[in-house]
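Peer 1:
In this note's numbering, the protein residues as written are 59 to 265.
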């Protein structure tokens, strides 16, 4: 949390009632590292779990995995569907989400609506100047190729439903071709799931 000098000045004369969060209390106790209210314990537990997951997979592997998955989605959009990305140059591509431009005369919001109502798929919308001109596929977090295949297939079906001329299966094919021709990101650490299955398979073999 950060505040400007202007905000701190306004704080001196602010009269509104504080029910839970008081910036003045935060500033007063912050030097000692004390949080003057009941902390959000579930969020702290979640943070600890997230940090454990990062340590297990390895930060470099996480970054590489996101790039690998993002490239497959971008291949689906450009090579499979023949559409353009919102980013004008590859250096502006994000490995967290791909914004895919829709053809002229097609409302991106219509694609998003059909995807959700008919296929239970939540696509991101274009905002501000690109509202209605694109839809977004997110590829951030605990994902793999098969999970994204479902999103690509759903987006593809929704586009066909609203009149976008794409070949059935073209996006899925382009993404799978990319992922099959590029090595998955290696894991230097054994995950808890792998430890669980290895332990049970060893136990079964001994039994």
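For glycine and all other residues, C-beta sits at the position ideal for the given N, C-alpha and C.
1) Please state if the CB of residue 182 and the CB of residue 163 are separated by a distance shorter than 8 Å.
2) Check each candidate in 234, 157, 60 and name the one with the smallest Cα separation from residue 194.
3) In whole angstroms, what separates the C-alpha of residue 265 from that of residue 203?
4) Return the first residue and the last residue of the alpha helix (DSSP H) that residue 186 is part of.
5) Is the number of C-beta pairs between the region 133-150 and the region 226-238 that are closer than 8 Å three or more?
6) Can you name, in chain order, every residue of its own chain whose Cβ lies under 6 Å from the Cβ of residue 126, other than the five neighbours on each side?
7) Using a Cβ-Cβ distance cut-off of 8 Å, determine whether residue 120 contacts chain C.
8) Determine, using beta carbons only, whether residue 169 and residue 211 come nearer to each other than 8 Å.
9) Considering only C-alpha positions, which residue in the set 240, 121, 141 is nearest to residue 198?
10) Would you identify the three-state DSSP class for residue 194, choosing helix, strand or coil?
11) Pairing CB atoms from the region 170-177 with CB atoms from the region 87-103, are three or more of them under 8 Å?
12) Please classify residue 150: is it buried, with 16 or more other beta-carbons within 10 angstroms of its beta-carbon, or exposed?
13) Tell me, to the nearest whole angstrom, how far the beta carbon of residue 206 is from that of residue 155; I am working on the premise that it is less than 8 Å.
14) Is DSSP giving residue 62 helix, strand or coil here?
Peer 2: Well, looking at it:
1) For the purposes of this step, residue 163 is identified with residue 105 of the chain shown, where counting begins at 1. For the purposes of this step, residue 182 is identified with residue 124 of the chain shown, where counting begins at 1. No. Outside cutoff.
2) To locate residue 194, count along the chain shown from 1; it is residue 136. Comparing alpha-carbon positions, the option among 234, 157, 60 lying closest to residue 194 turns out to be 157.
3) As a position in the chain shown, residue 265 is number 207, starting the count at 1. As a position in the chain shown, residue 203 is number 145, starting the count at 1. Its pLDDT being 49, under 50, residue 265 is placed unreliably in this model, and the value from its coordinates should be taken loosely. Near 35 Å, if we compare the C-alpha coordinates of residue 203 and residue 265.
4) Counting from one through the chain shown, the residue named residue 186 turns up at place 128. From DSSP, residue 186 is part of no alpha helix (DSSP H); its letter is neither H nor E.
5) Contact holds: three or more Cβ-Cβ distances are below 8 Å.
6) The residue labelled residue 126 in the question sits at position 68 within the chain shown. Correct list, in chain order: 243.
7) As a matter of chain content, chain C is missing from the structure shown, which is built from one protein chain.
8) Locating residue 169 in the chain shown gives position 111, counting from the first residue. Locating residue 211 in the chain shown gives position 153, counting from the first residue. With respect to residue 211, residue 169 sits apart: the two C-beta atoms are not nearer than 8 Å.
9) Numbered from 1 along the chain shown, position 140 holds the residue referred to as residue 198. If we check each option's Cα against that of residue 198, 121 comes out closest.
10) Mapped onto the chain shown, residue 194 falls at position 136. In this structure, residue 194 counts as strand in the three-state DSSP scheme.
11) Counting C-beta pairs closer than 8 Å gives fewer than three between the region 170-177 and the region 87-103, which falls short of the contact rule.
12) Here residue 150 is taken as the residue at index 92 of the chain shown, counted from 1. Residue 150 is exposed by the Cβ-count criterion.
13) Working through the chain shown from its first residue, we reach residue 206 at position 148. Working through the chain shown from its first residue, we reach residue 155 at position 97. Rounded, the Cβ-Cβ distance is 12 Å, inconsistent with contact.
14) If you number the chain shown from 1, residue 62 lands on position 4. Residue 62 carries a coil assignment under DSSP once its states are collapsed to helix, strand and coil.
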